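Per my numbering, residue 15 is the first one in the sequence shown, and the count goes up by one each step. Beta carbons are placed, not taken as given, at the ideal position from N, Cα and C, and that holds for glycine. Note that the coordinates shown come from a computational prediction; the quantities given were computed from them, not determined experimentally. Okay, so here's the structure we're looking at.
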Amino acid sequence: MKSADPAHRKLRFARTRQRVASLLLLAVFAWLIWAAYSGRYDAQVQQLADWLQSAWQRLTR
Numbered sequence: 015m016k017s018a019d020p021a022h023r024k025l026r027f028a029r030t031r032q033r034v035a036s037l038l039l040l041a042v043f044a045w046l047i048w049a050a051y052s053g054r055y056d057a058q059v060q061q062l063a064d065w066l067q068s069a070w071q072r073l074t075r
């Protein structure tokens with residue numbers, strides 16, 4: 015069965031920003047899986063929370 019549009023179109027892949035965003039999201043998921051697997055999830059989350067709190071305090075001074 016032939017296509018209704020015989021003109022071959024070039025495949026369009028994701029743009030650079032989309033690729034970077036997807037790689038960043040993949041890295042975050044990989045980090046979460048690693049932290050959960052290694053049993054360090056609570057410690058890592060607490061470390062992130064402490065860093066966010068100190069960054070917020072520096073911004074609000």
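Backbone CA spacing between residue i and residue j [nearest angstrom]
i	j	result
L46	S68	22 Å
L66	A28	32 Å
A49	R23	44 Å
G53	L38	23 Å
F43	V59	14 Å
Q61	Q71	15 Å
R75	D56	29 Å
R26	L73	42 Å
The ligand SAM heavy atom lying under 6 Å from the CB of residue i
i	result
S36	This structure does not include the ligand SAM; it has no bound ligands of any sort.
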